[in-house]
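Undergrad: Following the working numbering, the numbering of the sequence shown begins with 490 at its first residue and continues without gaps. No residue lacks a Cβ here, since even glycine has one placed at the ideal position from N, Cα and C. Quantities reported herein were computed from a predicted structural model and do not represent experimental measurements.
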Amino acid sequence: MKNFVILFLALTLSACSFVDSTEHCVETRYGDVVSPKVSAGITTTITTQLNCFPLTQQQFPGGTVTGEEAKAEEVEFLTRDSVMMKAEIAINWKYADVNKAFVTRRSHEAVLSELANAVRSGSRDAGATIGLPDLMGAGRAELDEKFKDAINRQMSTYARVEKVYIRSVKIPPNIEALWAQTIAMSAEQQKARAAFVTDSLNARRTVI
Numbered sequence: 490m491k492n493f494v495i496l497f498l499a500l501t502l503s504a505c506s507f508v509d510s511t512e513h514c515v516e517t518r519y520g521d522v523v524s525p526k527v528s529a530g531i532t533t534t535i536t537t538q539l540n541c542f543p544l545t546q547q548q549f550p551g552g553t554v555t556g557e558e559a560k561a562e563e564v565e566f567l568t569r570d571s572v573m574m575k576a577e578i579a580i581n582w583k584y585a586d587v588n589k590a591f592v593t594r595r596s597h598e599a600v601l602s603e604l605a606n607a608v609r610s611g612s613r614d615a616g617a618t619i620g621l622p623d624l625m626g627a628g629r630a631e632l633d634e635k636f637k638d639a640i641n642r643q644m645s646t647y648a649r650v651e652k653v654y655i656r657s658v659k660i661p662p663n664i665e666a667l668w669a670q671t672i673a674m675s676a677e678q679q680k681a682r683a684a685f686v687t688d689s690l691n692a693r694r695t696v697i
């Protein structure tokens with residue numbers, strides 16, 4: 490009798506699923522939607538299946554935000570200067586419409602696959618609008634927003650990128666050396682012009 494009770498409890502528990510309050514679960518039976526949103530708690534799933542999507546902010550790549558340094562995806566893009574660049578990108582994103590995501594993609598994993606494609610394609614689009622001055626100068630602070638907007642344009646509206654972090658921009662060594670040389674030459678030219686103006690003023694004073 491005791492073994493029967495244990496077996497009964499085991500079968501009962503195996504036919505139940507726990508839904509957390511931080512996820513949106515769609516219940517289906519043979520592919521048809523039974524409940525578009527299952528209430529949090531324990532629910533029986535004897536003849537049904539749950540397809541769950543996290544409601545909390547997510548990191549890509551990496552999953553749930555934990556407060557630690559996020560992993561990064563390496564992307565390549567061609568700048569408007571026709572320079573092939575590499576950079577590490579990490580993003581925070583969140584679902585905007587889970588039911589639409591389920592109807593369109595059916596699973597959280599399929600959404601992640603679409604997001605990965607959107608990150609790569611959006612990075613190429615954003616990269617084509619920037620040049621070396623943006624990477625080296627004051628425009629560097631605006632890169633995160635440019636990439637965020639470009640990725641959101643590639644991603645379906647049921648998920649939105651909320652924050653983008655561009656890290657470890659890798660400039661080809663020869664381009665970086667040429668840029669440093671250009672900056673140094675520009676500084677020398679400005680110094681020479683300033684000296685010329687000073688000499689001209691002194692000469693004028695002498696004549697007067």
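Tell me which same chain residues have a C-beta within less than 6 Å of the C-beta of I619, skipping the five on either side of it?
TA: Sequence index remark: in the sequence shown, residue 619 carries index 130 (1-based). Result list for I619: T568, in chain order.
Undergrad: Quick one: is F542 buried, meaning 16 or more other Cβ sit within 10 Å of its Cβ, or exposed?
TA: Here the question's residue 542 lines up with position 53 in the sequence shown. That one is buried.
Undergrad: For K659, does the three-state DSSP call read helix, strand or coil?
TA: For the purposes of this step, residue 659 is identified with residue 170 of the sequence shown, where counting begins at 1. Strand at K659.
Undergrad: Mapping the DSSP letters down to three states, classify G616 as helix, strand or coil.
TA: Locating residue 616 in the sequence shown gives position 127, counting from the first residue. G616: helix per DSSP, three-state reduction.
Undergrad: Identify every run of the beta strand (DSSP E) within the segment 542–587, keeping only runs that are complete inside it and at least 3 residues long; order them along the chain.
TA: Segments of the beta strand (DSSP E) lying fully in the segment 542–587: 547–549, 562–567 and 573–584.
Undergrad: At a cut of 8 Å, does the segment 523–540 reach the segment 568–581 through at least three beta carbon pairs?
TA: Not touching, per the Cβ criterion.
Undergrad: From the DSSP output, read off the bridge partner residues of H513.
TA: Locating residue 513 in the sequence shown gives position 24, counting from the first residue. DSSP lists F542 as partners of H513.
Undergrad: Which residue marks the beginning of the alpha helix (DSSP H) containing I640, and which one marks its end?
TA: Residue numbering aside, residue 640 sits at position 151 when the sequence shown is read from its first letter. Element bounds for I640: L632 to Q643.
Undergrad: Per DSSP, what are the beta-bridge partners of D521 in this structure?
TA: Along the sequence shown, one-based indexing puts residue 521 at 32. In the DSSP output, where bridge partners are listed per residue, D521 has R518.
Undergrad: Given a cut-off of 7 Å on the beta-carbon distance, is the pair Q614 and A639 in contact?
TA: In the sequence shown, counting from the first residue as 1, residue 614 sits at position 125. In the sequence shown, counting from the first residue as 1, residue 639 sits at position 150. The residue you asked about is not Gln; residue 614 is Asp in the sequence shown. In contact: D614 and A639 (Cβ atoms closer than 7 Å).
Undergrad: Can you list, in chain order, the residues of its chain whose CB lies under 8 Å from that of G530, leaving out five sequence neighbours each side?
TA: Translated into positions along the sequence shown, residue 530 becomes position 41. F507 and V508.
Undergrad: Candidates C514, T533 and G520: which alpha carbon is nearest C505's?
TA: Start at 1 with the first residue of the sequence shown, and residue 505 comes out as number 16. Per the Cα distances, T533.
Undergrad: Any idea what DSSP makes of K589, helix, strand or coil?
TA: On the sequence shown, residue 589 is found 100 positions in, with the first residue counted as 1. It is helical.
Undergrad: Please identify the residue among K635, L621 and A607 whose C-alpha is closest to the C-alpha of M644.
TA: Walking along the sequence shown from the start, residue 644 turns up at place 155. Among K635, L621 and A607, the Cα nearest to that of M644 belongs to A607.
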